[in-house]
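Using the working numbering, the letters of the sequence shown correspond one by one to residues 5 to 523. Even for Gly, the Cβ is constructed at its ideal location relative to N, Cα and C. Because the structure is a prediction, the values reported are computed rather than measured. Structure first, commentary second.
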Amino acid sequence: MLRPVLITGLALLALIGVLILRTITWKTLDIPPENGALPSAQPNSVNQPNPVNQSNRVDQANHVKNPNQQEQYVKHLAEALRFETVSHAPTAAPSLSAAHAFEDFHFWLQRTYPLTWNMLSVIQVHHTLLLRWNGSQPTLPPVLFMAHQDVVPAENPTSWDVPVFSGKVHQGTLHGRGVVDCKASLVALLEATESLLQNDFSPKRTLYFAFGADEEIGGVHGNKLLAERFRNQNTRFAWVLDEGHVVTRNMIPGVQHPVAMIGIAERGYASIKLTAHGQGGHTSMPELEPATSKLAQAISQLHKHPMPAAIDGAVATTFDALVPHMDWPYNMLFANRWLFAPLLVGKFTSKPSTNALLRTTLAPTVLTGSSKDNVLAQQATAIVNARIHPRDSIERVVQHVQRAIDNPEIRVEVLQEGVLKSEPSPTSSTRTLGYQTIANAIHRTFPKAAVVPALSVPATDSRYYTDIADGVYRFMPFEMTPQNRAVIHGANERITLDNLKRYLTFYRAIIQLAANASP
5 MLRPVLITGL ALLALIGVLI LRTITWKTLD IPPENGALPS AQPNSVNQPN
55 PVNQSNRVDQ ANHVKNPNQQ EQYVKHLAEA LRFETVSHAP TAAPSLSAAH
105 AFEDFHFWLQ RTYPLTWNML SVIQVHHTLL LRWNGSQPTL PPVLFMAHQD
155 VVPAENPTSW DVPVFSGKVH QGTLHGRGVV DCKASLVALL EATESLLQND
205 FSPKRTLYFA FGADEEIGGV HGNKLLAERF RNQNTRFAWV LDEGHVVTRN
255 MIPGVQHPVA MIGIAERGYA SIKLTAHGQG GHTSMPELEP ATSKLAQAIS
305 QLHKHPMPAA IDGAVATTFD ALVPHMDWPY NMLFANRWLF APLLVGKFTS
355 KPSTNALLRT TLAPTVLTGS SKDNVLAQQA TAIVNARIHP RDSIERVVQH
405 VQRAIDNPEI RVEVLQEGVL KSEPSPTSST RTLGYQTIAN AIHRTFPKAA
455 VVPALSVPAT DSRYYTDIAD GVYRFMPFEM TPQNRAVIHG ANERITLDNL
505 KRYLTFYRAI IQLAANASP
């Protein structure tokens with residue numbers, strides 16, 4: 005009797021020893037870039053001396069700390085927010101006022117950044133802008149920076165503390181639709197470019213800037229066409245940087261300091277239409293199973309049978325990188341996912357924000373049925389929006405929906421016309437010059453932040469470039485806390501003035517690093 009107890013005790017001690025050993029010896033690999041050395045990361049030498057043009061030596065740190073430039077950036081961003089560059093659903097009638105807003109915004113950009121418009125080539129595709137800054141070494145693969153001009157409408161303008169498009173500073177924050185998503189990035193890119201041109205900076209590598217005008221509705225008339233243009237010209241980018249992940253603070257359990265996440269992949273997107281039929285008729289004598297009841301049951305089945313969840317791919321890479329920065333017992337749990345994965349998956353899928361990282365999500369949105377309260381619908385429909393995890397595909401999502409509903413009378417189809425549809429993106433490597441360059445710029449801007457790769461939850465226009473770039477990454481220097489996480493697309497979209505200081509520092513650093521990094 006004593007022997008089994010002893011064996012069990014020894015086994016338990018061995019297991020505890022393994023868990024502790026894996027936790028205390030866990031290290032994140034310091035991955036070198038595959039394509040050569042990076043510029044020095046000394047705080048005051050973002051830009052390395054260029055043997056072709058010694059005027060490239062620019063004191064980035066002192067320049068960006070100039071309060072006049074910071075004030076100018078905030079002033080210009082506030083002005084940019086006053087242009088109502090709203091993109092409406094593709095099915096909506098074209099808005100003449102929206103078209104004029106984009107045209108007026110372009111005129112303002114040209115007037116505000118004259119050196120940029122004079123020294124860079126600028127082309128327009130519909131209202132999307134593409135700027136090219138020629139490098140002194142055209143054989144180097146170019147880099148593409150992205151941001152978008154368009155913003156989503158304000159659903160309830162009266163709920164805002166200040167007018168939606170006022171660009172007003174209120175209680176230490178700059179308010180306005182699109183300030184975070186993502187005119188702060190767009191204006192910072194141009195502000196940095198203009199100031200570098202004023203200092204006679206010239207890049208070794210050719211740089212492109214793509215400013216979409218329809219990102220919020222799929223980018224089909226903007227960056228999709230630009231990507232096709234580059235593809236036809238056989239242009240391949242060293243890497244691409246678009247909006248996406250941010251710097252989080254107090255948002256990851258067990259991590260006390262800031263975490264800068266670089267998106268290395270993003271979820272796919274599809275809208276699936278469910279259609280149920282019935283006999284219709286008068287509600288005084290309803291059929292036993294009307295179309296709306298069939299549809300409701302189908303939606304209920306989808307809720308009861310979500311798609312599988314797991315910590316894998318880019319999400320696993322994120323937590324592997326965070327283990328050394330976690331407090332006990334989180335570091336032990338994540339260092340030993342081989343044992344605690346079911347516990348962690350259960351915890352993460354209980355919250356919407358983390359559930360979205362672990363599985364493809366299915367959200368019923370638009371429901372239609374009868375047009376009168378006393379008439380039974382002959383046809384009832386629901387649109388289910390799918391945000392597709394990289395382990396899945398549109399085809400697999402449709403198969404899951406059909407199995408979960410398990411009713412051949414419900415028609416399941418993927419919407420094709422007038423809506424966004426895209427497969428999940430490939431996962432970009434963390435071993436590229438692009439990833440390391442972005443991480444370098446983040447360290448200069450957020451010296452206390454842990455930099456980790458991550459899965460981006462929202463869709464971005466960068467998905468159009470994944471096949472013509474060695475890496476596509478998603479990051480903007482916005483510090484997000486539990487208190488401000490709802491500002492994007494929400495009421496009172498705003499950003500603190502302290503947060504804005506980091507935008508100019510980051511984008512000036514990333515432009516210089518990208519321009520002069522070795523291939």
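Cutoff 6 Å; reference residue i; Cβ partners in own chain excluding five residues on either side
i: TYR507; result: ALA188, ALA192 and PRO481
i: VAL388; result: ILE276, LEU366 and PRO368
i: GLY216; result: THR132, HIS152, GLY223, GLY226, ASN227 and ASP465
i: MET484; result: VAL250 and THR252
i: GLN283; result: GLU291
Residue i versus residue j: straight-line alpha-carbon distance, rounded
i: ASP331; j: HIS225; result: 47 Å
i: ASN520; j: SER163; result: 47 Å
i: HIS222; j: THR143; result: Position check: residue 222 holds Gly in this sequence, whereas His was assumed. Approximately 32 Å between the Cα atoms of the pair.
i: ARG391; j: PRO428; result: 9 Å
i: ASN48; j: PRO333; result: Legend: pLDDT at ASN48 = 31, less than 50; position of this residue unreliable, no value from coordinates given.
i: LEU326; j: GLY475; result: 22 Å
i: HIS281; j: LEU380; result: 11 Å
i: GLU75; j: GLU195; result: 12 Å
i: LEU362; j: THR431; result: 15 Å
i: SER125; j: ASP471; result: 24 Å
i: ILE24; j: ALA473; result: 41 Å
i: THR177; j: LEU419; result: 40 Å
i: VAL90; j: SER460; result: 24 Å
i: MET150; j: ILE20; result: 48 Å
i: ASN512; j: PHE109; result: Looking at the sequence shown, residue 512 is not Asn but Arg. Each residue's Cα considered, the two are about 22 Å apart.
i: PRO356; j: LEU200; result: 42 Å
i: HIS307; j: ASN238; result: 45 Å
i: ILE409; j: PRO167; result: 45 Å
i: HIS493; j: GLU88; result: 14 Å
i: VAL183; j: PRO290; result: 51 Å
i: THR372; j: ASN378; result: 15 Å
i: ALA84; j: GLY171; result: 8 Å
i: VAL370; j: ALA384; result: 11 Å
i: LYS351; j: GLY258; result: 14 Å
i: GLU293; j: GLN382; result: 11 Å
Cβ-based burial, residue i [other Cβ within 10 Å; buried from 16]
i: ASP185; result: buried
i: ASN335; result: buried
i: ASP154; result: buried
i: ARG498; result: buried
i: ARG115; result: exposed
i: ARG478; result: buried
i: ARG407; result: exposed
i: GLN440; result: buried
i: GLU106; result: With the sequence shown as reference, residue 106 is identified as Phe, and Glu is not the correct amino acid for it. Per the 10 Å Cβ criterion, buried.
i: HIS3; result: Because the chain is modelled from 5 through 523, residue 3 falls outside the range shown and cannot be assessed.
i: LEU517; result: buried
i: GLU220; result: buried
i: LEU119; result: exposed
i: ASN122; result: exposed
i: PRO394; result: buried
i: ILE268; result: buried
i: ASN503; result: buried
i: PHE169; result: buried
Top-ranked residue by Cα proximity to residue i, from the options
i: SER375; options: GLU427, GLY285, ARG407 and ALA443; result: GLY285
i: VAL244; options: TYR334, THR464 and GLY139; result: THR464
i: ASP396; options: PRO310, ASN340 and THR353; result: PRO310
i: HIS92; options: GLU421, LEU362 and ASP218; result: ASP218
i: ALA214; options: PHE241, PHE205, LEU201 and SER354; result: PHE241
i: HIS152; options: ILE442, VAL370, LEU190 and PRO146; result: LEU190
i: ALA360; options: ALA458, ASN340 and PRO328; result: ALA458
i: VAL147; options: THR441, TYR212, PHE111 and ALA105; result: TYR212
i: THR197; options: GLN73, PHE352 and HIS493; result: GLN73
i: SER426; options: PHE338, TYR468 and LYS452; result: TYR468
i: ASN444; options: THR358, GLY317, MET265 and PHE352; result: MET265
i: SER354; options: ALA313, ILE127 and GLN382; result: ALA313
i: LYS452; options: HIS329, ALA318 and VAL319; result: HIS329
i: GLU270; options: ARG86, PRO486 and ASP246; result: ASP246
Own chain residues within Cβ distance below 8 Å of residue i, not counting five before or after
i: VAL173; result: VAL78, ALA82, HIS179 and LEU501
i: GLU38; result: The predicted model places GLU38 with a pLDDT of 36, which falls under 50 and marks its position as unreliable; any figure quoted below should be read in that light. Contacts found: SER433, ARG435, THR436 and LEU437.
i: LEU348; result: ILE315, LEU337, PHE338 and ARG341
i: ALA102; result: GLU88, THR89, VAL90, SER91 and HIS92
Closer than 8 Å to chain C by CB, residue i
i: GLY182; result: Looking at the structure shown, chain C is missing, and only one protein chain is on hand.
Inter-stretch contact (C-beta, 8 Å, three-pair minimum) for the stretch 272 to 287 and the stretch 400 to 418: Yes, the stretch 272 to 287 is in contact with the stretch 400 to 418.
| said: Any contact between the stretch 302 to 310 and the stretch 409 to 420? By contact I mean 3 or more CB pairs, one from each, below 8 Å. | reply: Touching, per the Cβ criterion.
_Closer than 8 Å is the cut-off here; do at least three beta carbon pairs connect the stretch 226 to 236 with the stretch 317 to 325?_
Under the 8 Å Cβ criterion, the stretch 226 to 236 does not count as touching the stretch 317 to 325, having fewer than three qualifying pairs.
Does the count of Cβ pairs from the stretch 130 to 143 and the stretch 200 to 209 closer than 8 Å reach three? For the pair of segments examined, the stretch 130 to 143 was found to touch the stretch 200 to 209: the number of CB pairs separated by less than 8 Å reaches three.
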